[in-house]
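One structure is given here, and the rest of the page talks about it.
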Amino acid sequence: MSATATSYQVFIGGEFADSETGETMDVIAPATGEVIASVPRCSAEDVDRAVAAAREAWPAWSEKTPKDRSELLHRMADVMDEHAEELAQLESLNVGKPLMASRDEMPFSADNIRFFAGAARVLEGKSAGEYIEGYTSLIRREPLGIVAGICPWNYPLMMAVWKLGPALAAGNVQILKPSEQTPLSLLRYVQLLAEKDVIPAGVLQVVTGDGIPVGQRLVEHPDVRLVSLTGDVSTGKTIARVAADTVKRVHLELGGKAPMVVFDDADPEAVAAGIRLAGYWNSGQDCTAGSRVIAGPKIYDALLEALVPQVESLKVGDPMESDEIEMGSVISSSQQERILGFLERAKGATVLTGGEANGSKGYFVQPTVVTDVEQTDEIVQDEVFGPVVTVQRFADDAQAIEWANGVRYGLAASVWTRDVGRAMEAVRRLQFGTVWVNDHLLPITSEMPHGGYKSSGYGKDMSMYSLEEYTQIKHAAFKL
Ligand code: NAD
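Counting in my numbering, the final residue of the sequence shown is number 1051, and the numbers go up one at a time with none missing.
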């Protein structure tokens, strides 16, 4: 570890602490490959300590009113706003992502927390009434108790926020586990919250470490009533299997392979600009990244002609060196190898631009456009999670929709056309949790749900729908 690297501690029961074994793990800046921090390498015993603290916090916290919970969330949002620049810098350093992206994520995250501060006070249920003769029935919407959130590395703080907002709004106590690669922004955020004494001990806790044993213990622990994962499909399947043993509720936000269906009447320049953003934002490490362009027979050539210069104009580099950088590194050397592996195995495909690692340090992949691919090819079927976009030419509308739906994922899609009827029909037929028309990726808002169909998972982040995950419904019947 370099002399300038910072040591962090986990946040358990309102105190900052080391892991019980004292073990630590290094955190790397992927744009340089340098070690920038160390964090505790927790074990199952540390998770058990956090669960015990959550159990202790629960009786007092469960007496809080919606107004109390709302006020706590408002204070949390204020702290995020006050320290947005510091948190954005840390996020860019740890993820290797452009500052312009991290600077967007902080106000959006604060807005998300404020949305749930409001939502805490307007939880809905059916009206009380005499649904059975001689009885009054009423509905109570109750928290689950102790819930866990397991987060990925691509939007470390924002994904943690998507989990803590609805969890705390609904009255739960929560334990968060950031990705082992990107724990810094969440740890710093809880330091800031603790400095201002915002969080009652045990209500929100953070443990760090590897998926196994830390994530696994959260999933196994009988007192944890829900696990929300944002992560890989294979991790989701494992978690769902393990959670079955304690009949735990599971919320899964998994991978994606988003199609961008471009009909012949779309504007090629506008679509190319849309792909420049949707395919390469966060180095394509976005579960809703527009990674498969499915273009009509007449627009295909014009689109490629517009697209290649757009992609080649992306400013790629170490985000910490300039505010102008539009695309940073990928998260790790193994992710870089994984992405390049997809390209090597794509025999018969044509790489129109990019296709290689670049930069003398750090883990960079050039923004890449690939054509001449078949629907059944690995590069079309599987999530690359890097700056790689494939372009296919469809024959007719039916084939466009068939190809768009013809993957195991179902998180997000977009349709590009000036014909409203065609767009409506496509929206109806596409099997994805989000469908954008004439845009892709950034039109997201705290009021609208985010979640998958098919192997992209189940349950929703953001919006009032996410409160369904974090609450349980009780029917009480009173004999008159
Ligand atoms: P990952 O599944 O490898 O890790 C996610 C988290 O799960 C990490 O915190 C990890 O430590 C933990 N984990 C790993 N194994 C575990 C286990 N057996 N038990 C409990 N926890 C375990 O995913 P990642 O590589 O961090 O993130 C990339 C993936 O996340 C991509 O597939 C991407 O599409 C997906 N993602 C989805 C969304 C969405 O909203 N659907 C958003 C962002 C990322």
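Cβ coordinates follow ideal geometry from the N, Cα and C atoms, glycine included.
Residue burial classification, residue i (beta-carbon count within 10 angstroms, cutoff 16)
{"i": "VAL732", "result": "buried"}
{"i": "HIS1046", "result": "exposed"}
{"i": "TYR702", "result": "exposed"}
{"i": "SER633", "result": "exposed"}
{"i": "ARG989", "result": "exposed"}
{"i": "LYS734", "result": "buried"}
{"i": "GLU586", "result": "exposed"}
{"i": "GLU676", "result": "buried"}
{"i": "ARG964", "result": "buried"}
{"i": "MET1019", "result": "exposed"}
{"i": "ALA841", "result": "exposed"}
{"i": "LEU661", "result": "buried"}
C-alpha gap between residue i and residue j, whole angstroms
{"i": "ALA814", "j": "LEU800", "result": "12 Å"}
{"i": "GLU751", "j": "VAL598", "result": "8 Å"}
{"i": "ARG759", "j": "ALA608", "result": "12 Å"}
{"i": "GLY773", "j": "LEU764", "result": "13 Å"}
{"i": "ILE684", "j": "LEU644", "result": "6 Å"}
{"i": "PHE1049", "j": "THR707", "result": "5 Å"}
{"i": "ILE902", "j": "ASP803", "result": "15 Å"}
{"i": "ARG711", "j": "ALA699", "result": "10 Å"}
{"i": "TYR980", "j": "HIS792", "result": "29 Å"}
{"i": "PHE582", "j": "ALA655", "result": "20 Å"}
{"i": "GLY1030", "j": "VAL922", "result": "37 Å"}
{"i": "VAL610", "j": "LEU755", "result": "8 Å"}
{"i": "LEU775", "j": "ALA843", "result": "43 Å"}
{"i": "GLU876", "j": "ALA920", "result": "18 Å"}
{"i": "GLY705", "j": "TYR1024", "result": "42 Å"}
{"i": "MET572", "j": "GLY604", "result": "Confidence is the limiting factor: at MET572 the pLDDT is only 48, short of 50, which leaves the residue's position unreliable and the question unanswerable from this model."}
{"i": "ARG612", "j": "VAL622", "result": "17 Å"}
{"i": "PHE537", "j": "TYR871", "result": "The structure shown does not extend to residue 537, since the chain spans only 572 to 1051, so no value can be given for it."}
{"i": "ARG863", "j": "ILE972", "result": "12 Å"}
{"i": "VAL1008", "j": "LEU709", "result": "41 Å"}
{"i": "ASP589", "j": "ILE721", "result": "20 Å"}
{"i": "ASP967", "j": "ALA866", "result": "10 Å"}
{"i": "ARG916", "j": "THR961", "result": "14 Å"}
{"i": "ARG674", "j": "ASP682", "result": "13 Å"}
{"i": "GLY639", "j": "SER578", "result": "The amino acid occupying residue 639 in the given sequence is Asp; Gly does not appear at that position. Distance between the alpha carbons of ASP639 and SER578: 33 Å."}
{"i": "THR859", "j": "PRO958", "result": "13 Å"}
{"i": "ALA738", "j": "VAL769", "result": "16 Å"}
{"i": "VAL879", "j": "THR924", "result": "7 Å"}
DSSP-derived helix/strand/coil call for residue i
{"i": "ASP948", "result": "coil"}
{"i": "GLU713", "result": "strand"}
{"i": "ASN929", "result": "strand"}
{"i": "SER750", "result": "coil"}
{"i": "PHE687", "result": "helix"}
{"i": "CYS907", "result": "A quick correction: the sequence has Gln, not Cys, at residue 907. GLN907 falls in the helix class under three-state DSSP."}
{"i": "GLU594", "result": "coil"}
{"i": "GLY899", "result": "coil"}
{"i": "ASP806", "result": "The sequence given here has Thr at residue 806, not Asp. Looking at THR806 - three-state DSSP - the assignment turns out to be helix."}
{"i": "ILE607", "result": "strand"}
{"i": "TRP1007", "result": "strand"}
{"i": "ARG812", "result": "helix"}
{"i": "LEU878", "result": "helix"}
{"i": "PHE956", "result": "coil"}
{"i": "GLY696", "result": "coil"}
{"i": "ASP872", "result": "helix"}
{"i": "GLN856", "result": "coil"}
{"i": "SER1034", "result": "coil"}
{"i": "GLU1018", "result": "coil"}
{"i": "LEU800", "result": "strand"}
{"i": "GLY1028", "result": "strand"}
{"i": "LEU825", "result": "coil"}
{"i": "GLY720", "result": "strand"}
{"i": "GLU701", "result": "strand"}
Span of the alpha helix (DSSP H), counted from its first residue to its last, around residue i
{"i": "ARG863", "result": "Per DSSP, ARG863 belongs to no alpha helix (DSSP H); it is in the beta strand (DSSP E), 861-866."}
{"i": "SER884", "result": "Note, SER884: premise wrong, no alpha helix (DSSP H); not H, not E."}
{"i": "LEU848", "result": "839-851"}
Test: residue i CB closer than 8 Å to a CB of chain C
{"i": "SER673", "result": "Note that chain C does not occur in the displayed structure, where there is just one protein chain."}
Span of the beta strand (DSSP E) around residue i
{"i": "VAL790", "result": "VAL790 -> not in any beta strand (DSSP E); alpha helix (DSSP H) instead, spanning 787-791."}
{"i": "PHE834", "result": "Segment: none, PHE834 is in no beta strand (DSSP E) and carries neither H nor E."}
{"i": "GLN1043", "result": "1042-1050"}
{"i": "ALA588", "result": "586-588"}
{"i": "VAL922", "result": "921-924"}
{"i": "THR942", "result": "939-942"}
{"i": "VAL581", "result": "581-583"}
Segments of 4+ residues assigned as alpha helix (DSSP H) that fall wholly inside the stretch 613-684: Listed in chain order, the complete alpha helix (DSSP H) runs (minimum 4 residues) inside the stretch 613-684 are 615-633, 637-653, 655-666.
Those runs of the beta strand (DSSP E) which lie wholly inside the stretch 727-783 and span at least 3 residues: 744-748, 775-777
Entirely enclosed alpha helix (DSSP H) segments - the stretch 958-1015, minimum 4 residues: 968-976, 991-1000
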